[in-house]
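Novice:
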DNA sequence: GGAATTAAGTCAACATGACTGACATAAATG
DNA sequence: CATTTATGTCAGTCATGTTGACTTAATTCC
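Residue numbers (our numbering), protein chains in the order written: chain A, 6 to 197; chain B, 6 to 197.
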């Protein structure tokens, strides 16, 4: 299947099509071949989110809560502004889910020590417990998928996913990801 | 579940953590390491959808329209029931966006020849044109990411993404993906 | 041939999570 | 002291998902 002509193009551009059909290893991948990856990505993401979504329903939460809880736990001590930048949503959208997570005791805020306007976000014990439950099926899925992808897949997949991120976002992403603190021995995950 | 050490757990399990730092290649990946992939997947998907989302706004459409148009174009002639199974949404949700796409002339229906209750879905010329425009930035992104991931990345990434899909869904996914009909020479994408 | 099933469409009501725009408060900065 | 910044909040809207009930047309089963 891979190949040559492309299901999206109008009949007109047979010109390009002919050129693309070149023999040997094509330097440029055909659109049809690439679209298959788009589809796989859709299916993968669709199923990746289904397990936690089901659990979240029992708590009256949605996927947005999972995302907030994830970043607050894994990068605990981040500011509200950081979270907005990571999630790429508006303050109002974040406000709603964050408030619910705080009200129900999954997240706490503390004023920043240097700048007391800042609200640094931390998970509570039950926040950690909930996230752990949400993440469990995803971790299993990821571990199995990396294994199924064969040896060396971890590096290739990591590079692939990193390169899928907008170039201008990559520094921010690596910065936040490297700051992802293994929680210290008392489990309080203080800012690093 | 999987585990060895894990950044989500309470202080208690320092025991387990110590064991995980073991020398040599760990057979099981740590939760912290795996969570990084979950995060990368979130960022990758977040940015993967941003370009088409921006274009869709100009048409008064949303991401749901893109998904429908994608599957109808790439697997043209599929039934409404197929689409529901692929998207995992309800008939009512699909109905709304499908109706809009039909009303605005991006998709047409035809009764099935064997079973005339079935409505087979086909893109129109403008449907193909719109999808092409939506997919263009995604194709570029995918091509660059595969290239950046290094030689052999295509196979590894494909296997990874396939393995991320629910096991029971994989046969259906490969079946629909292999049925992705190259449109015939007049570009009308008749049923194969 | 008539009953039951199936594919699709639709009406109504509701929830979630995005959005815009405006405005308030407290703290830091110039 | 004036301005800017970080955060929070009110109010309204939109897109997209959900349940549940029901209709119509066509096929299949007996």
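Ideal Cβ positions, reconstructed from N, Cα and C, are used throughout, including at glycine.
Can the beta-carbon of residue 151 (chain B) be found closer than 8 Å to that of residue 159 (chain B)?
Specialist: In contact: residue 151 (chain B) and residue 159 (chain B) (Cβ atoms closer than 8 Å).
Novice: Interface residues of chain B around residue 178 (chain A) at Cβ under 9 Å?
Specialist: Here the neighbours are 44, 45, 48.
Novice: Taking C-beta pairs closer than 8 Å, name the residues in chain A that residue 140 (chain B) reaches, listed in chain order.
Specialist: Those within 8 Å of residue 140 (chain B) in chain A are 13, 36, 40, 43.
Novice: So the alpha helix (DSSP H) residue 79 (chain A) belongs to, where does it begin and stop?
Specialist: Per DSSP, residue 79 (chain A) belongs to the alpha helix (DSSP H) from 68–79.
Novice: For a quick check, are the C-beta atoms of residue 126 (chain A) and residue 89 (chain A) less than 8 Å apart?
Specialist: Against a cut-off of 8 Å, the Cβ pair of residue 89 (chain A) and residue 126 (chain A) comes out as no contact.
Novice: Check whether the segment 65–85 of chain A touches the segment 36–44 of chain A, taking contact to mean three or more Cβ pairs, one atom from each stretch, closer than 8 Å.
Specialist: Result no; under three Cβ-Cβ pairs closer than 8 Å.
Novice: With C-beta atoms as the reference, is residue 54 (chain A) less than 8 Å away from residue 68 (chain A)?
Specialist: Contact flag set, yes.
Novice: Compare the beta carbon distance of residue 60 (chain A) and residue 139 (chain A) with 8 Å and say whether it is the shorter of the two.
Specialist: Contact flag set, yes.
Novice: For a contact defined as C-beta to C-beta under 7 Å, what are the partners of residue 155 (chain B) on chain A?
Specialist: Under the 7 Å cutoff, chain A gives 161, 164.
Novice: Shorter than 8 Å from the beta carbon of residue 51 (chain A) to some beta carbon of chain B?
Specialist: Interface residue, yes.
Novice: Looking only at DSSP bridge pairs, what is residue 115 (chain B) linked to?
Specialist: DSSP, once it has assigned bridges, lists B:125 as partnering residue 115 (chain B).
Novice: Using 8 Å as the limit for Cβ to Cβ distance, is residue 97 (chain A) near chain B?
Specialist: No - not a single Cβ of chain B is within 8 Å of the one on residue 97 (chain A).
Novice: According to DSSP, simplified to helix, strand and coil, what is residue 163 (chain B)?
Specialist: Looking at residue 163 (chain B) - three-state DSSP - the assignment turns out to be helix.
Novice: Run through DSSP, which three-state label would residue 84 (chain A) get?
Specialist: DSSP places residue 84 (chain A) in strand when its eight states are reduced to three.
Novice: Using a C-beta to C-beta distance shorter than 9 Å, which residues of chain A count as neighbours of residue 168 (chain B)?
Specialist: Ordered by position in chain A, the residues that pass the 9 Å Cβ test against residue 168 (chain B) are 49, 146, 149, 150, 151, 152, 153, 154.
Novice: Are any of the Cβ atoms in chain A nearer than 8 Å to that of residue 84 (chain B)?
Specialist: Judged by the 8 Å Cβ criterion, residue 84 (chain B) is not in contact with chain A.
Novice: Would you please verify whether the beta carbon of residue 143 (chain B) is less than 8 Å from any beta carbon of chain A?
Specialist: Yes - at least one Cβ of chain A is within 8 Å of the one on residue 143 (chain B).
Novice: What are the boundary residues of the alpha helix (DSSP H) that includes residue 132 (chain B)?
Specialist: Counting along the chain, the alpha helix (DSSP H) containing residue 132 (chain B) begins and ends at 130–153.
Novice: For residue 158 (chain A), which residues in chain B fall below 8 Å Cβ to Cβ?
Specialist: In chain order: 161, 164, 165.
Novice: Going along the chain, which residues of its own chain have a beta-carbon closer than 8 Å to the beta-carbon of residue 120 (chain B), five neighbours each way excluded?
Specialist: So the list is empty, once near-sequence residues are dropped.
Novice: Return the CA-CA distance between residue 104 (chain B) and residue 117 (chain B), expressed in angstroms with no decimal places.
Specialist: Whole-angstrom Cα-Cα distance: 18 Å.
Novice: Along the chain, where does the alpha helix (DSSP H) containing residue 93 (chain A) start, and where does it finish?
Specialist: Counting along the chain, residue 93 (chain A) falls outside any alpha helix (DSSP H), and DSSP gives it neither H nor E.
Novice: In the DSSP assignment, find the unbroken alpha helix (DSSP H) run with residue 44 (chain B) in it and report its ends.
Specialist: Residues 36–53.
Novice: Let me know the secondary structure DSSP gives residue 63 (chain B) once reduced to three states.
Specialist: Note: residue 63 (chain B) maps to helix in three-state DSSP.
Novice: Is residue 57 (chain A) helix, strand or coil by DSSP?
Specialist: Three-state result, residue 57 (chain A): helix.
Novice: Please go through the same chain and pick out, in chain order, the residues whose beta-carbon is closer than 7 Å to the beta-carbon of residue 175 (chain B), but skip the five residues on each side of it.
Specialist: Taken in chain order, the residues that qualify are 167.
Novice: Would you tell me roughly how many angstroms separate the C-alpha atoms of residue 57 (chain A) and residue 124 (chain B), rounded to the nearest one?
Specialist: Their backbone Cα atoms lie some 34 Å apart in a straight line.
Novice: Mark residue 137 (chain A) as exposed unless 16 or more other C-beta atoms lie within 10 angstroms of its C-beta, in which case mark it buried.
Specialist: Residue 137 (chain A) should be labelled buried.
Novice: Note down the Cα distance separating residue 111 (chain B) from residue 70 (chain B), rounded to an integer number of angstroms.
Specialist: Each residue's alpha carbon lies about 10 Å from the other.
Novice: Can you give me the C-alpha to C-alpha distance between residue 48 (chain A) and residue 48 (chain B), rounded to a whole angstrom?
Specialist: If I take the Cα positions, the gap works out to 16 Å.
Novice: Please go through the same chain and pick out, in chain order, the residues whose beta-carbon is closer than 7 Å to the beta-carbon of residue 149 (chain B), but skip the five residues on each side of it.
Specialist: Nothing meets the Cβ criterion.
Novice: Residues of chain B with a CB under 9 Å from the CB of residue 104 (chain A): which are they?
Specialist: Within chain B, no residue comes near residue 104 (chain A); the closest Cβ sits about 22 Å away, beyond 9 Å.
Novice: Just mark residue 44 (chain A) as buried or exposed, buried being the case when its beta carbon has 16 or more other beta carbons within 10 Å.
Specialist: The residue is buried, with at least 16 neighbouring Cβ atoms inside 10 Å.
Novice: With a Cβ-Cβ cutoff of 8 Å, do residue 128 (chain B) and residue 81 (chain B) count as a contact?
Specialist: Result yes, Cβ atoms of residue 128 (chain B) and residue 81 (chain B) sit closer than 8 Å.
Novice: Between the beta-carbon of residue 161 (chain A) and the beta-carbon of residue 161 (chain B), is there less than 8 Å?
Specialist: Yes. Within cutoff.
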